[in-house]
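Mind the numbering: the sequence shown is residues 636 to 935 in our numbering, read in order.
Using N, Cα and C, we set each Cβ at its ideal position, and we do this for glycine too.
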Amino acid sequence: MFDVFTEEIEVLVKDGIANLYWFREDLRKAWLRSGISPTVCDLLLAKKREDGSNLSKRELMDGLYLQFRQSDFDRRLESSRNFVRILIEHKSFVPQQEKHRIEIAERSSLKLKEILRQQKKEQEGKDALRAKALRAQKESYDFRLTRLRERFDQILKLDRQKRGYELEKFFGELMGLSGIPVEEPFRIMGEQIDGAIKYDGHYYLLELKWIEKKVDGREMGSFYLKIEGKMDARGIFVSMNGFSKELLASLPRGKEFKAILLDGTHLMNVICGVYTFQNLLEHAISEASLRGEIYCSHNI
Numbered sequence: 636m637f638d639v640f641t642e643e644i645e646v647l648v649k650d651g652i653a654n655l656y657w658f659r660e661d662l663r664k665a666w667l668r669s670g671i672s673p674t675v676c677d678l679l680l681a682k683k684r685e686d687g688s689n690l691s692k693r694e695l696m697d698g699l700y701l702q703f704r705q706s707d708f709d710r711r712l713e714s715s716r717n718f719v720r721i722l723i724e725h726k727s728f729v730p731q732q733e734k735h736r737i738e739i740a741e742r743s744s745l746k747l748k749e750i751l752r753q754q755k756k757e758q759e760g761k762d763a764l765r766a767k768a769l770r771a772q773k774e775s776y777d778f779r780l781t782r783l784r785e786r787f788d789q790i791l792k793l794d795r796q797k798r799g800y801e802l803e804k805f806f807g808e809l810m811g812l813s814g815i816p817v818e819e820p821f822r823i824m825g826e827q828i829d830g831a832i833k834y835d836g837h838y839y840l841l842e843l844k845w846i847e848k849k850v851d852g853r854e855m856g857s858f859y860l861k862i863e864g865k866m867d868a869r870g871i872f873v874s875m876n877g878f879s880k881e882l883l884a885s886l887p888r889g890k891e892f893k894a895i896l897l898d899g900t901h902l903m904n905v906i907c908g909v910y911t912f913q914n915l916l917e918h919a920i921s922e923a924s925l926r927g928e929i930y931c932s933h934n935i
């Protein structure tokens, strides 16, 4: 059904309804069925021309739409849709008296049906294009993700030092695929920052570690100092081999440490398509914000 009523559609509705009903009381009943209040119906039907004669049904429809423009848009839209429904669902266009121009209502009905068919066809075309674009986007994402997964397999074969260096570049490529702005690694006042991402209006400083042992309190303390002192900064610490039990047991809950901890399992789930990095971030942020858990579970 129409969401936008053009001038052409409004004229068709006025002409159609005005000529569908020969008797004024039938027009009143149609108005009431279409959601027009009894007060408005009686007010308009009581109006007279200057010579004291009754308004024509077409003039009454003009008056009704003038009334519509002073009222709530949704109510006007609902009543107009009901008028269209009356016209397009009407089956038998038989004149009730000799002067009854029922053929005008029939032409309005046919024209409204044609406009609806055309709008439906156009909407189906738009929906098809949108679906095609979404499929292409998904296919592109899946293809690029497969390439990233292949590249990750190559990184796994490198020695420890090269592997850590390649992780920085790989993470940047993953952010590019995820549509998340990323800052290159940089150094300030003796601090080495492994880069940053911007998500939902916040910057997250990155710490990327791929070392043999699990990250412990010393490395986490260093990262904490990097975050502190930077306006509204947050952090994401990715340790491919995870975090020590001692560190996890001592993690602050809540306000003291504005960071999210991720490990290799989190990253592998993203690379393997279990969930997107955006899904992971939303899950991690909600766990940290609502429950104070800065090291979120792997199941989303």
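Own chain residues within Cβ distance below 6 Å of residue i, not counting five before or after
i    : result
V988 : Given a span of 636 to 935 for the chain in the structure shown, any question on residue 988 remains unanswerable.
Backbone CA spacing between residue i and residue j [nearest angstrom]
i    : j    : result
K767 : T911 : 21 Å
G889 : M810 : Unreliable placement is indicated for G889, whose pLDDT of 49 sits below 50; the coordinate value is still reported in the next sentence. C-alpha separation (whole angstroms): 27 Å.
F640 : K734 : 30 Å
I750 : L699 : 23 Å
R668 : F718 : 9 Å
L840 : Y859 : 10 Å
L882 : L769 : 43 Å
D867 : S672 : 56 Å
G836 : L764 : 31 Å
N914 : E757 : 34 Å
E738 : A681 : 27 Å
K773 : F821 : 33 Å
L747 : E685 : 34 Å
A665 : K755 : 26 Å
L662 : E759 : 35 Å
Helix, strand or coil at residue i according to DSSP, with G and I counted as helix
i    : result
A884 : helix
V639 : coil
A768 : helix
L802 : helix
G889 : At G889, the pLDDT of 49 sits below 50, so the modelled position is not reliable and the matter cannot be decided from this model.
D898 : strand
F858 : helix
N934 : coil
Residue i vs residue j beta-carbon contact at 7 Å
i    : j    : result
K761 : M696 : no
I790 : R798 : yes
I828 : V817 : no
R693 : A653 : yes
E842 : G830 : no
S743 : G651 : yes
I929 : L897 : no
R869 : K848 : no
I815 : Y834 : yes
W657 : Q753 : no
Beta-carbon contacts of residue i that lie in its chain and below 8 Å, excluding the five residues immediately before and after
i    : result
R786 : F805 and E808
G670 : R710, E713, S714 and N717
Sequence-distant residues of its chain with Cβ nearer than 7 Å to residue i (five each side left out)
i    : result
H933 : T900, H901 and N904
E741 : F728
S813 : T911, F912 and Q913
*Does the stretch 893-901 touch the stretch 916-926, meaning 3 or more C-beta pairs lie closer than 8 Å?*
yes
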